[in-house]
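Residue numbers (the numbering used here): 38 to 261. Everything below concerns the one structure shown next.
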C-alpha cells in the first residue's frame, strides 16, 4: 500500500470512529464553498419548552427563500443556510420576526415559547484552527467550561442567554460545565467528545430541562 493510500485509509478510519459522516461534511463544504460572496447565513435554534414541539419529535420549521430550516426539538438547531442579504419579515411557530441580514454575517434565530430573537453569530475565520462556541441557555446565571480530563479553563463567566467563543486547535475533546459561582469547580455535566475541524465552528448548547442541566452539540460535524 503506497503512502497516499495509507493516508486516505487512516482518514476514513478516523471519521468512522468519530461518528462523523461524509455526507454531513460534504453538505457543510457545499454551503460555504458555493454560497455567493455577498450571502448572509441563518439557522434556527429551538428553545421552546412549553409547546408540542418541545416535548415530542415534531420539528420546528421555517421556510424562507425556498429553503427549509428544521430543528428536532428543544435545545437543537437547524443547519445554516445561505440567503440574500436584506430585510425579512417571516413567521415561525406562529411568531413573527422582522430583521435585516447583512452580507458575510451569520445569524441564529432563537425561538422560544413567546418570542423570536435574531442574534449575530460566530463564524470561524482561521483556516488552521476550529472554533468552539458555547451558548448558556440554562437556568444558571453564569457558567464556566473546562476540559473534562485536565480541568483546564476554556471559557469563563458565560452569562445566561449569551454565548462565548474561542479558537481551538484541531483535536478531540470533551468538556465539563461548571457553575461560575462554585469555588470548588464541581462538574455539573460532561459533554460528549467533539472532534474540532480546521476552519469549522462547533456549537455547544447548555440547557435545562426538568431532569436538570444537559448539553447538546448543534451539529456533530460542526458548522462554519
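Where is the CB? At the ideal position from N, CA and C, for every residue including glycine. Here the structure is a predicted model, which is why all the values come from computation and not from measurement.
Subject >> Coil, strand or helix - residue 117 by DSSP >> reply: Here residue 117 corresponds to residue number 80 of the chain shown, with the count starting at 1. In this structure, residue 117 counts as coil in the three-state DSSP scheme.
Original post:
DSSP on residue 233, reduced to helix/strand/coil?
Top reply: Numbered from 1 along the chain shown, position 196 holds the residue referred to as residue 233. Coil at residue 233, not helix or strand.
Original post:
For residue 151, does the count of other Cβ atoms within 10 angstroms reach 16, so buried, or fall short, so exposed?
Top reply: Here the question's residue 151 lines up with position 114 in the chain shown. Result: exposed.
**OP:** Give the single residue among 217, 240, 234 and 212 whose Cα lies nearest to the Cα of residue 227.
**Re:** The sequence position of residue 227 within the chain shown is 190, counting from 1. Of the candidates 217, 240, 234 and 212, the one whose C-alpha sits nearest the C-alpha of residue 227 is 212.
**OP:** With distances taken Cα to Cα, identify the nearest neighbour of residue 254 among 127, 196, 247 and 210.
**Re:** Taking the chain shown and counting its residues from 1, the one referred to as residue 254 is at position 217. If we check each option's Cα against that of residue 254, 210 comes out closest.
Original post:
Distance, Cα to Cα, residue 94 vs residue 169?
Top reply: Numbered from 1 along the chain shown, position 57 holds the residue referred to as residue 94. Numbered from 1 along the chain shown, position 132 holds the residue referred to as residue 169. Confidence is the limiting factor: at residue 94 the pLDDT is only 49, short of 50, which leaves the residue's position unreliable, though a coordinate-based value still follows. Cα to Cα, residue 94 sits roughly 28 Å from residue 169.
Subject >> Cβ-Cβ separation, residue 118 to residue 79 (assumed contact under 8 Å), whole Å >> reply: Taking the chain shown and counting its residues from 1, one reaches residue 79 at position 42. Taking the chain shown and counting its residues from 1, one reaches residue 118 at position 81. That pair is a contact at about 6 Å.
Original post:
How about residue 102 and residue 120: are their beta carbons less than 8 Å apart?
Top reply: For the purposes of this step, residue 102 is identified with residue 65 of the chain shown, where counting begins at 1. For the purposes of this step, residue 120 is identified with residue 83 of the chain shown, where counting begins at 1. Their beta carbons are under 8 Å apart, which means residue 102 touches residue 120 by this criterion.
**OP:** Just grab the DSSP bridge partners of residue 139 for me.
**Re:** For this step, residue 139 is matched to residue 102 along the chain shown. In the DSSP output, where bridge partners are listed per residue, residue 139 has none listed.
Original post:
For the segment 190–204 against the segment 229–237, are there 3 or more C-beta pairs whose distance is under 8 Å?
Top reply: no
Subject >> Where residue 94 sits in the DSSP three-state scheme >> reply: Here residue 94 refers to the residue found at position 57 of the chain shown. The predicted position of residue 94 is uncertain, since its pLDDT is 49 and thus under 50; no value can be drawn from it.
Original post:
Roughly how many whole angstroms lie between the Cα atoms of residue 248 and residue 241?
Top reply: For this step, residue 248 is matched to residue 211 along the chain shown. For this step, residue 241 is matched to residue 204 along the chain shown. If I take the Cα positions, the gap works out to 19 Å.
Original post:
Looking at C-beta atoms only, is the number of pairs between the segment 142–158 and the segment 177–191 that lie closer than 8 Å three or more?
Top reply: no
Subject >> Between the CA atoms of residue 174 and residue 199 - distance to the nearest angstrom >> reply: The count along the chain shown starts at 1 and reaches residue 199 at position 162. The count along the chain shown starts at 1 and reaches residue 174 at position 137. Rounded to the nearest angstrom, the two C-alpha atoms are 8 Å apart.
Original post:
Can you tell which of 110, 245 and 167 has the C-alpha that lies nearest to the C-alpha of residue 237?
Top reply: Position 200 of the chain shown, counting from 1, holds the residue named residue 237. Answer by Cα proximity: 167.
**OP:** Assign residue 220 to one of two classes, buried (16 or more other C-beta atoms within 10 Å of its C-beta) or exposed (fewer than that).
**Re:** If you number the chain shown from 1, residue 220 lands on position 183. With fewer than 16 Cβ atoms within 10 Å of its Cβ, residue 220 is classed as exposed.
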